[in-house]
Each structure stands twice: as structure tokens, then as C-alpha cells.
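Notes for the one structure printed next.
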Amino acid sequence: MKERPKFRTRIPTAEHFQQVARNMQDYIESRKGASTDPLADGYTHEEIACNRGPTYQFLGKLLGEHTTNPKRDRAKWTEIRLWETPSGKWVAESAGCSDEPGHVDIADAAVIAGDQDGRSMEFQAMDFWGWSSPAKALAKRLGWNLVVRVD
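Every letter in the sequence shown is one number past the one before it in the working numbering, and letter 79, counting from 1, is 81.
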């Protein structure tokens with residue numbers, strides 16, 4: 003019968019335990035101030051009631067917004083916003099706003115959960131907003147590269 007090799011068992015030393023304790027302390031110190039609460043990280047409870055779709059409820063951090071009526075001197079205008087959720091998804095929001103009597107604001111939203119069909123999240127947001135002038139203005143403010151290179 004073949005003899006099995008003997009493995010040398012390493013007995014932890016006091017130095018080993020001290021190093022483990024230092025590593026644990028370093029880890030604990032590194033986590034101090036690190037928040038696990040999205041609300042503490044700048045996220046807020048948001049709700050978008052869409053006129054022609056569902057109501058979206060989420061925790062969101064505003065990445066950017068644009069309005070076609072910054073001076074509030076027009077009766078009708080468009081507002082778009084882009085939110086990020088704690089999981090990294092985006093919620094693109096669009097609202098057609100009106101101060102005219104009898105008119106209601108028309109809101110719509112879309113969830114962008116990552117690259118799909120070879121389209122980046124940026125391109126999906128632009129598609130949702132219809133590549134409109136407000137969308138292009140927001141994309142410029144956010145520093146997006148919307149160039150398509152063709153061979």
C-alpha cells in the first residue's frame with residue numbers, strides 16, 4: 003500500500019493573530035463613514051406618474067436635467083431629467099408642461115437597465131427622448147459622446 007504524504011500542519015502564532023486583528027481593524031476603519039443607506043448618499047424617493055403608462059417609484063439621484071423654459075416666461079415647455087438608481091439603472095423622464103388653462107402636463111418615463119442590442123445607455127436615453135434639442139443639450143452637459151463611427 004502506498005504511503006500518503008504527510009502534510010505539515012501550520013500552527014498559528016501570536017504574530018499571525020495580531021496581523022489578522024490589524025487587518026480586521028483596518029477593514030472596520032475603512033468602512034466607517036461608508037454609507038449603506040442610499041438616502042444618505044444623495045438618493046431621494048421619486049415618483050413619476052406617466053399619462054400613458056405606469057407610475058414609476060424609485061430611489062433616484064438626479065444626474066442631469068434640462069428645460070426649454072429656464073426663465074419661466076412661456077406657457078408651454080419641455081423638461082427632461084435623468085435619474086440613477088442605487089443599482090445603476092437609469093430612469094429617463096420627459097414632461098411636456100403647460101401653464102395654459104385646461105391643459106395638463108404630459109409625463110413619460112423609461113427604465114434603462116444597461117446596454118441592450120449593442121446600444122449604450124446614453125443612446126437608449128436619446129432614443130427615448132427622440133433625439134430632441136433638449137436631449138442633445140442635456141447630453142452635451144453630461145459630456146456624452148454620441149458619435150457613430152462607420153467603416
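Here a beta-carbon is modelled for each residue, glycine too, at the ideal position from N, C-alpha and C.
No experiment lies behind these values; they were computed from the predicted model shown.
Beta-carbon separation of residue i and residue j under 7 Å?
| i | j | result |
| --- | --- | --- |
| I82 | L148 | no |
| A137 | W131 | yes |
| T87 | F60 | yes |
| L144 | G66 | yes |
Return the CA-CA distance between residue i and residue j, expressed in angstroms with no decimal places.
| i | j | result |
| --- | --- | --- |
| A109 | K78 | 14 Å |
| G104 | R76 | 16 Å |
| Y45 | A16 | 45 Å |
| T80 | H68 | 8 Å |
| Y58 | C99 | 19 Å |
| G112 | D153 | Contrary to the premise, residue 112 reads as Ala rather than Gly in this sequence. Near 31 Å, if we compare the C-alpha coordinates of D153 and A112. |
| E48 | K73 | 25 Å |
| P56 | R151 | 36 Å |
| G120 | Q27 | 44 Å |
| A97 | L64 | 15 Å |
Should residue i go down as buried or exposed, given a rule of 16 or more other Cβ atoms within 10 Å for buried?
| i | result |
| --- | --- |
| V93 | buried |
| E95 | buried |
| G62 | buried |
| L41 | exposed |
| A127 | buried |
| W133 | exposed |
| D115 | Looking at the sequence provided, one finds Ala at residue 115 rather than Asp. With fewer than 16 Cβ atoms within 10 Å of its Cβ, A115 is classed as exposed. |
| M123 | buried |
| A51 | exposed |
According to DSSP, residue i sits in a beta bridge with which residue or residues?
| i | result |
| --- | --- |
| G55 | Answer is none; G55 lacks a bridge partner. |
| S96 | I82, D110 |
| E124 | Beta-bridge pairing links E124 to no other residue. |
| F60 | E48 |
| H68 | I82 |
| Q118 | R121 |
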